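Have a look at the structure below, then the notes.
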Amino acid sequence: MPSPTIIPSVVLPSPALDPPVISVTDLHKDYRLASNVVHALRGVSLEVRAGEFVAIMGPSGSGKSTFMNLIGCLDRPSRGSYRLDGQEVADLSRTQLASLRNDKLGFIFQGFLLLPRMSAIDNVMLPMVYAGVPSRLRRERACAALEAVGLGARAQHRPNELSGGQQQRVAIARALVNDPALILADEPTGNLDSRTSIEIMAILQRLNADRATIVLVTHEPDVATYCSRTVVFKDGSVLSDQPNRHPARASDMLGPRPDDDNETTAEREAA
Ligand code: ADP
Ligand code: MG
155 MPSPTIIPSV VLPSPALDPP VISVTDLHKD YRLASNVVHA LRGVSLEVRA GEFVAIMGPS
215 GSGKSTFMNL IGCLDRPSRG SYRLDGQEVA DLSRTQLASL RNDKLGFIFQ GFLLLPRMSA
275 IDNVMLPMVY AGVPSRLRRE RACAALEAVG LGARAQHRPN ELSGGQQQRV AIARALVNDP
335 ALILADEPTG NLDSRTSIEI MAILQRLNAD RATIVLVTHE PDVATYCSRT VVFKDGSVLS
395 DQPNRHPARA SDMLGPRPDD DNETTAEREA A
């Protein structure tokens, strides 16, 4: 008899007990181009509860980025309701949206979007500058966030002195420092090789195990296997929304963890 395959799993949060971080009801977004209207979102309703790790998938043009821009308070819906951490967002002004973004959200992008002339620690401190955190506390919290992603020893490096995976980890540290209610990641592994992608997913899973709520867009089915739920968009609507009761555990895929502070995957491969 063949031995059963053992699928590594992580412990899921108990969604029924946790308050919604995102509560979206009948969300619409129309883009007007000359005489044309594009219905990018056609009545999306969903809730994401504290502690969930949600993958958003779907073909190009299905509305994923539009949805992320709305839940990221970067844009406003044409109609419908969006409550972020209990607060209605749809009617806020641009200034109010900007301050909500800084208070409640951490962003991780495919292209990292680090400021090239600033060291890793200065990049990580930036959101706290906007939030008015006193300078000594900024440095303390930025150091802790860099430690948390295994980059404590690289705090003074500029982005071009870091590998792609390390730059993305700096971006994750930056997303964490204001202790956001929600982390939004748009194709965070899109520019990374597969091992580095798994390293990034291992960090996100660890943050999620520490109660971070994460919504991540990905084209890669492999990446979605590390999440606890997959929502698939099609033509501006939710096509399917499935829990993943046995997410793969990224740290198990990596084998022994290399000492990230001393050597990068790229450096090891070059050696
Ligand atoms: P996805 O991220 O899933 O590829 P998008 O949300 O970017 O999809 O796009 C959804 C639809 O909205 C597409 O038809 C796209 O062409 C259109 N769209 C997106 N952004 C804009 C915009 N700023 N102006 C006009 N149309 C847009
Ligand atoms: Mg997109």
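The number in the numbering used here is simply the position in the sequence shown, starting from 1, with 154 added. The beta carbon of each residue, even a glycine, is placed where N, CA and C say it ideally should be. Just so we're clear, the structure is a prediction, and the values are computed from it rather than from any experiment.
Beta-carbon proximity of V331 to A296, cut-off 8 angstroms: To locate residue 331, count along the sequence shown from 1; it is residue 177. To locate residue 296, count along the sequence shown from 1; it is residue 142. Taking 8 angstroms as the cut-off, the beta carbon of V331 is found closer than this to the beta carbon of A296.
Cα-Cα separation, R312 to G197: By one-based count along the sequence shown, residue 312 stands at place 158. By one-based count along the sequence shown, residue 197 stands at place 43. Going by the C-alpha atoms only, they are around 43 angstroms apart.
Reduced DSSP category for E294 - H, G, I as helix; E, B as strand; rest coil: For the purposes of this step, residue 294 is identified with residue 140 of the sequence shown, where counting begins at 1. Reduced to three states, the DSSP call for E294 is helix.
Heavy atom of the ligand MG within 7 angstroms of S177 beta-carbon: Stepping through the sequence shown from its first residue, residue 177 is reached at position 23. With a threshold of 7 angstroms, the Cβ atom of S177 does not count as near the ligand MG, since no heavy atom of the ligand is closer than that.
C-alpha gap between A252 and D229, whole angstroms: To locate residue 252, count along the sequence shown from 1; it is residue 98. To locate residue 229, count along the sequence shown from 1; it is residue 75. The alpha-carbon atoms of A252 and D229 are separated by roughly 10 angstroms.
F263 beta carbon near the ligand ADP (any heavy atom closer than 7 angstroms): Taking the sequence shown and counting its residues from 1, one reaches residue 263 at position 109. Every heavy atom of the ligand ADP is 7 angstroms or more from the Cβ of F263, so no.
Runs of beta strand (DSSP E) lying entirely within the segment 210 to 251, each at least 3 residues, in chain order: 233 to 238
P174 and V192 closer than 8 angstroms at C-beta: Mapped onto the sequence shown, residue 174 falls at position 20. Mapped onto the sequence shown, residue 192 falls at position 38. Result no, Cβ atoms of P174 and V192 do not sit closer than 8 angstroms.
S394 Cβ short of 7 angstroms to the ligand ADP heavy atom set: As a first step, residue 394 is located in the sequence shown; it is residue number 240 there, counting from the start. The answer is no for S394.
Three-pair Cβ contact test at 8 angstroms for the segment 215 to 228 versus the segment 348 to 366: no
Close beta carbons around Q359, own chain, < 8 angstroms, minus the five adjacent residues each side: Indexing the sequence shown from 1 puts residue 359 at position 205. Only V164, F207, Y380, P401, R403, A404, S405 meet the Cβ criterion.
Pick from R365, D333, R328, G318 that is closest to D347, judged by C-alpha positions: The residue you call residue 347 lines up with position 193 of the sequence shown. Among R365, D333, R328, G318, the Cα nearest to that of D347 is on G318.
Any non-hydrogen atom of the ligand MG within 7 angstroms of K388 CB: Locating residue 388 in the sequence shown gives position 234, counting from the first residue. In this structure, K388 has its beta carbon at no less than 7 angstroms from each heavy atom of the ligand MG.
Which residues DSSP lists as bridging N190, in chain order: Sequence index remark: in the sequence shown, residue 190 carries index 36 (1-based). Note: N190 sits in a beta bridge opposite L187.
CA-to-CA distance, V377 to S247, given in whole angstroms: To locate residue 247, count along the sequence shown from 1; it is residue 93. To locate residue 377, count along the sequence shown from 1; it is residue 223. When rounded, the distance between both Cα atoms is 35 angstroms.
Expected contact under 8 angstroms - CB spacing of S199 and D180 to nearest Å: To locate residue 199, count along the sequence shown from 1; it is residue 45. To locate residue 180, count along the sequence shown from 1; it is residue 26. Going by Cβ atoms, the distance from S199 to D180 rounds to 6 angstroms, so yes, they are a contact pair.
Ordered list of alpha helix (DSSP H) runs contained in the segment 315 to 356, each at least 4 residues: If we require 4 residues or more, the alpha helix (DSSP H) runs fully inside the segment 315 to 356 come out as 318 to 330.
Local Cβ density within 10 Å of Q396, reported as buried at 16 or more and exposed below that: Counting from one through the sequence shown, the residue named residue 396 turns up at place 242. Its Cβ having fewer than 16 others within 10 Å, Q396 is exposed.
Spatial neighbours of S216 in its chain, beta-carbon cut-off 6 angstroms, leaving aside the 5 residues before and after: Locating residue 216 in the sequence shown gives position 62, counting from the first residue. Answer for S216: F387, K388, listed in chain order.
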